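In our numbering, the protein residues as written are 9 to 331.
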């Protein structure tokens, strides 16, 4: 086992960073909503799923049926990210308006909102399995799988080597793209007027209202931003795996939530750290114990973090973030 781990260390590192970058972007939705509303939005995994379906539709609408080169791939990924980001962001806003806002207006408990999130998650899964896949995409509903029409449309190529590490185009695009989006969101929350409103609401909603902050507007913006990040993650995911299904967000969503907890729930930078660390631990565990242990490693990390470091690696919440 140890020899296998040493042989696969650098390839596992590259794979872990690219996979962890996707986890980190999805984790942003969990961490932002929790920071503002103290709510774990378990339907966020389906927001990611909607983004993957939008990305598939964008690929087919562009008529891509053959592999594209690296330069063209960057342009394709930008288009997919915009389309999936708008679809996921819009779906997240609708989710807030239909599933959460009525409960907030009635002063319902957080448990009621949590149950509403679980119900919305299951409803969205079944709607896409029974309606969207067979009707919109004209594919058989059995299994709920929706592959991209062109296999290997991303056409990943070897770009360069750093020592024993071979860097492929798709993995580099995923890592750099996710990092840029994380930095952009962090600066947006830290420096813009809307970002200050988000941080003020996270710190003290009652005082924020007295200072003229529109809470409903802030909540909508929080869901929209978190959803858009999930959409970008969906575009990057589709570039690498080129297949989705109605349950695609279930396991990945739990892992993204694990990443948010690992980095520090409610902490934007913690989502990045947690996602990258979790991706690395998954791939290292897979190379050491075997690929069948990959998911076991991820959830073992969640249990250990909750037992010994429930505030996460960074521990600073969104409400204490500084401009």
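Cβ coordinates follow ideal geometry from the N, Cα and C atoms, glycine included.
Predicted, not measured: the structure shown is a model, and the values here were computed from it.
- By the beta-carbon neighbour count (other beta carbons within 10 angstroms, threshold 16), residue 49 is buried.
- Rounded to whole angstroms, the gap between the alpha carbons of residue 246 and residue 218 is 44 Å.
- Annotated three-state conformation of residue 308 is helix, per DSSP.
- For residue 170, the enclosing beta strand (DSSP E) starts and ends at 166–170.
- Residue 20 and residue 237 do not touch by the CB rule: their CB atoms are close to 25 Å apart, not below 8 Å.
- In this structure residue 214 is exposed. Its beta-carbon is surrounded by fewer than 16 other beta-carbon atoms within 10 angstroms.
- Listed in chain order, the alpha helix (DSSP H) runs fully inside the segment 115–146 are 118–135, counting runs of at least 4 residues.
- Here the alpha carbon of residue 54 sits roughly 13 Å from the alpha carbon of residue 101.
- For residue 252, there is no enclosing alpha helix (DSSP H); the enclosing beta strand (DSSP E) covers residues 251–253.
- DSSP lists 169 as the bridge partner or partners of residue 174.
- For residue 275, the closest alpha carbon among the candidates 168, 250, 51, 190 is that of 190.
- Closest in alpha carbon position to residue 92, among 65, 303, 82, is 65.
- Between residue 25 and residue 234, the gap from beta carbon to beta carbon reaches 8 Å or more.
- According to the DSSP assignment, residue 23 belongs to the alpha helix (DSSP H) that extends over 17–45.
- Taking C-beta atoms as the reference points, residue 27 and residue 63 fail to come closer than 8 Å.
- Around the beta carbon of residue 104, 16 or more other beta carbons sit within 10 angstroms, so the residue counts as buried.
- When the beta-carbon positions are compared, residue 226 and residue 22 stay at least 8 Å from each other.
- Within a 10 Å sphere around the beta-carbon of residue 12 sit fewer than 16 other beta-carbons, which makes this residue exposed.
- The beta carbon of residue 300 sits closer than 7 Å to none of the beta carbons in its chain outside the five residues before and after it.
- Per DSSP, residue 56 is one residue of the alpha helix (DSSP H) stretching across 52–69.
- Distance from the CA of residue 135 to the CA of residue 58, rounded to the nearest whole angstrom, comes to 11 Å.
- DSSP, reduced to helix, strand and coil, places residue 213 within a helical segment of the structure shown.
- Scanning its chain for C-beta atoms nearer than 6 Å, with the 5 sequence neighbours on each side dropped, one finds around residue 264 the residues 31, 34, 35, in chain order.
- By the neighbour-count criterion, in which a residue is buried when 16 or more other Cβ atoms sit within 10 angstroms of its Cβ, residue 40 is buried.
- For residue 292, the enclosing alpha helix (DSSP H) stretches over residues 276–297.
- Residue 210 sits away from residue 266, with the two beta carbons spaced by 8 Å or more.
- For residue 244, the closest of 179, 254, 110, 168 by C-alpha to C-alpha distance is 179.
- Residue 92: member of the alpha helix (DSSP H) spanning 78–103, first to last residue.
- No residue range can be given for residue 317, since it is assigned to no alpha helix (DSSP H) and is classified by DSSP as neither H nor E.
- Rounded to whole angstroms, the Cβ separation of residue 269 and residue 203 is 23 Å, and the two are not in contact under 8 Å.
- When the beta-carbon positions are compared, residue 108 and residue 124 come within less than 8 Å of each other.
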